[in-house]
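Peer 1: One line per chain: the protein sequences are V and W, in this order. With the numbering used here applied, the first sequence covers 1 to 478. With the numbering used here applied, the second sequence covers 1001 to 1059.
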Amino acid sequence: MRKATRFLEKFSTVACFLTFLPWKLRSVVTYSLLGCAAETRLSRPPGMLDLRRGDIFTKQRPCSSPVSWRPQLCLGNLSPMAEDMERLYAQRLKRYVTAMRNGKPDCVPIRPFVAEFTAKYAGFTCQEVTHDYEKAFIAARKCAAEFDWDAVVGNMVYVWTGLTEALGLKYYGVPGIHIPADTGFQYREPPEEKAFMKPDEYDALSADPTGFLLNVWLPRVSKDVVAPGEANSERNNLALIKGGMAMLSYFSAFPKQNELLRTESGTVSAISGILKAPFDIIADKLRGYVGLSKDLLRQPSKVLKACEALMPHLLHVALGGADPDKNVPIAIWMHRGCVPFISPSQFDRYYWPTLKPIIEEIWRRGHQVLFYAEGRWGAHLQSFAELEAGSIVLHVDQDDVFEVHRAVGDRFALSGGIPNHVLSYGKPQEVRDYCRKVIDEVAADGGYIMDASAIMQNDTSIENVRVMTDFTREHGVY
Amino acid sequence: MIEPAEQPSSSRVPGVCIPWEERLKELAENVEDEQLLKRVWQDVDSLAYTFIWHCLVSF
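Pasting the structure below:
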């Protein structure tokens, strides 16, 4: 229950996963300001095995990691161990991508979205990994290596509270400040009367979304940023400087993190780029769920127009962080569009018509989208099926993964579906039994990526995650 | 294809906070290498766009 509650609170923020910088930003930042090359993609070294020849397996178990992990801080010429890592990386990338394209790889890929679980495993508090992203990175890499996973997110905790505190954001419950140090950060939606956007401001948002964010929204969500025309102070100016520089620092660290995941443990960075549905943006960060629910009845056309105005910007943001190699998907974190938050007719009128064209445009440009569909989305599977086969990977949270597979498994790869309560509180044999059923029924013909239903936090059992991993390696071989 | 919603001419398209055209009006008529000025203005301006939109979407 805590997990479910936490998800609703965290909806709008856990999201991101800009595993690569927005490309334009990255080029400017990485090469001009920092003056160093932090390219994430290493070229294949001479003599390295070619994936397409099929000679990629290690001498150990077909899908296992051959080398134990140790932090690697410098990169030089590739040693034999580094060549092993490159080979392992290539093997895992092929496995992961094949499954996401709804194909049958050599075995079931494992791509767990481990958030505060990484802190628990590495011996950090939630406060440490949330407030010190270097510790979050270390914890993520330690887990990636020691659990033999194919792909992970570089920092699934994601929200770096050093940045949010510098900017003075009001809507976070920060571990160690507002909540206990070993509780994951929380998103706190304000009461309706204190929503960050007022009900009569739809026209302003629709007319100029970027201007609205700069001039109205940011001063309201920040304790320190002031609106144009208001008296300001050194503290006000510093909030913008520190917030901008903090984002630069944080985003610039991801390419190196991805590089270390690759070279230390041969692990693939699972996603690249972030998308949210226009409707979710209004619900999460602007009007709030309660306010938006009333707006759908009182001023529905303005809601729709605002969603439409947000569409090109959200597409732009998503493509800016997309994987240039077009291997790993852009992730969309889906919140308020499912039953019971809105009705099926509201989904059909607002949520889907202003999201579907974005997905289609992203696919037209060659990128898949990972639907991280938090909650129950079974009522909308027919809508999802309108999308071109293969254009999305559908992550299953609260729905029955077997039913979802029967409904759309012929069109899209699935991930997730292993209940978090089983991973947190179940016996190891229960974990094995559930994984066996999912592998046998959902993954039988490929097109499945092993993961929990929702992100794994620090209530998740280390033993059970190991069981899920090891059993998938043993039983999930095609 | 997704197009920006109907907006006043002074508003911003995706990726832009202050359009180059506005900046250009502030410059003398005889600036040199206008394309260089434009490219760098737009590159740096896009950083501001990235910042504000990622504040909304990612944080």
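The beta carbon of each residue, even a glycine, is placed where N, CA and C say it ideally should be.
Apart from the five residues just before and just after V/Ile110, which ones in its own chain have a Cβ nearer than 7 Å to its Cβ?
Peer 2: Result list for V/Ile110: Trp149, Asp150, Met450, Thr469 and Thr472, in chain order.
Peer 1: Quick check: W/Ser942 and V/Ile274, are their CB atoms within less than 7 Å of each other?
Peer 2: Not covered by the structure: residue 942 of chain W. The range shown for chain W is 1001 to 1059.
Peer 1: Once the 5 residues before and after W/Gly1015 are set aside, which same chain residues still bring their CB inside 7 Å of it?
Peer 2: Ser1046 and Tyr1049
Peer 1: Counting only Cβ pairs nearer than 7 Å, list the residues of chain W close to V/Met247.
Peer 2: Going along chain W in sequence order, the residues near V/Met247 (Cβ under 7 Å) are Phe1051 and His1054.
Peer 1: Between V/Lys170 and chain A, is the shortest Cβ-Cβ distance under 7 Å, so that the two count as touching?
Peer 2: Considering every chain present, this structure includes no chain A. Its protein chains are V and W.
Peer 1: Straight-line CA distance for V/Tyr448 to V/Leu205?
Peer 2: 40 Å
Peer 1: Could you pull the start and end residues of the alpha helix (DSSP H) that V/Lys313 belongs to?
Peer 2: Residue 313 of chain V is actually His in this sequence, not Lys. Counted as a single uninterrupted DSSP element, the alpha helix (DSSP H) harbouring V/His313 occupies residues Pro300 to Gly320.
Peer 1: Since V/Ile281 meets chain W, which of its residues come closer than 8 Å, beta carbon to beta carbon?
Peer 2: Leu1056 and Val1057
Peer 1: Does any residue of chain V have a CB that is nearer than 7 Å to the CB of W/Pro1014?
Peer 2: yes
Peer 1: Excluding five sequence neighbours on each side, which residues of the same chain lie with their C-beta closer than 7 Å to the C-beta of V/Gly243?
Peer 2: Leu163, Ala166 and Leu167
Peer 1: Looking at the structure shown, is V/Trp333 part of a helix, part of a strand, or coil, going by DSSP?
Peer 2: V/Trp333: strand per DSSP, three-state reduction.
Peer 1: Sort V/Thr130, V/Ala452 and V/Leu314 by Cα distance to V/Thr210 and report the nearest one.
Peer 2: V/Leu314
Peer 1: Identify the residues that DSSP records as bridge partners of V/Tyr448: which are they?
Peer 2: V/Leu414
Peer 1: Contact defined as beta carbons within less than 8 Å: I believe V/Ala454 pairs with V/Asp400. What is the distance between those atoms, to the nearest angstrom?
Peer 2: Not a contact, Cβ separation roughly 15 Å.
Peer 1: Comparing alpha-carbon positions, which option in V/Phe147, V/His178 and V/Gly154 lies nearest V/Thr161?
Peer 2: V/His178
Peer 1: Taking the beta strand (DSSP E) that V/His395 falls in, what are its first and last residues?
Peer 2: Ile392 to Val396
Peer 1: Within this structure, are the beta carbons of V/Pro105 and V/Arg95 separated by less than 7 Å?
Peer 2: yes
Peer 1: Give the DSSP bridge partners of V/Ala373, in chain order.
Peer 2: V/Met334 and V/Val396
Peer 1: Could you work out which residue in V/Gly266, V/Trp333, V/Phe402 and V/Ser252 is closest to V/Glu441 when comparing CA atoms only?
Peer 2: V/Phe402
Peer 1: Across the region 345-358 of chain V and the region 319-331 of chain V, are there enough close Cβ pairs to call them in contact, namely three or more that are closer than 8 Å?
Peer 2: no
Peer 1: Does the region 127-145 of chain V come within contact of the region 178-196 of chain V, defined as at least 3 CB pairs closer than 8 Å?
Peer 2: yes
Peer 1: Identify the continuous alpha helix (DSSP H) that holds V/Gly509 and give its terminal residues.
Peer 2: Residue 509 of chain V lies beyond the range of chain V shown here (1 to 478); nothing can be said about it.
Peer 1: What is the DSSP secondary structure of W/Tyr1049, counted as helix, strand or coil?
Peer 2: helix
Peer 1: Report the rounded CA-to-CA distance for V/Ile330 versus W/Lys1038, giving the unit in angstroms.
Peer 2: 30 Å
Peer 1: Grab me the residues of W/Trp1041's own chain with a C-beta within less than 7 Å of its C-beta, minus the 5 sequence neighbours each way, in chain order.
Peer 2: Trp1020 and Arg1023
Peer 1: Measure from the alpha carbon of V/Ser252 to the alpha carbon of each residue in V/Gly154, V/Gly103 and V/Pro228, then state which is nearest.
Peer 2: V/Gly154
Peer 1: Quick one: which chain W residues come within Cβ less than 8 Å of V/Val129?
Peer 2: Residues of chain W whose Cβ lies closer than 8 Å to the Cβ of V/Val129 do not exist, since the nearest Cβ in that chain is about 16 Å away.
Peer 1: Can you list, in chain order, the residues of its chain with a C-beta nearer than 8 Å to that of V/Met85? Leave out the 5 residues immediately preceding and following it.
Peer 2: Val67, Arg262, Thr263, Glu264, Ser265 and Gly266
Peer 1: Please list, in chain order, the chain W residues whose beta carbon lies closer than 7 Å to that of V/Val159.
Peer 2: Phe1059
Peer 1: Mapping the DSSP letters down to three states, classify V/Leu479 as helix, strand or coil.
Peer 2: The question about residue 479 of chain V has no answer here: the residues shown for chain V are numbered 1 through 478.
Peer 1: So, is the C-beta of V/Leu292 closer than 7 Å to a C-beta in chain W?
Peer 2: no
Peer 1: With a threshold of 7 Å between beta-carbons, can V/Pro190 be considered close to chain W, or not?
Peer 2: no
Peer 1: For V/Val477, does the three-state DSSP call read helix, strand or coil?
Peer 2: strand
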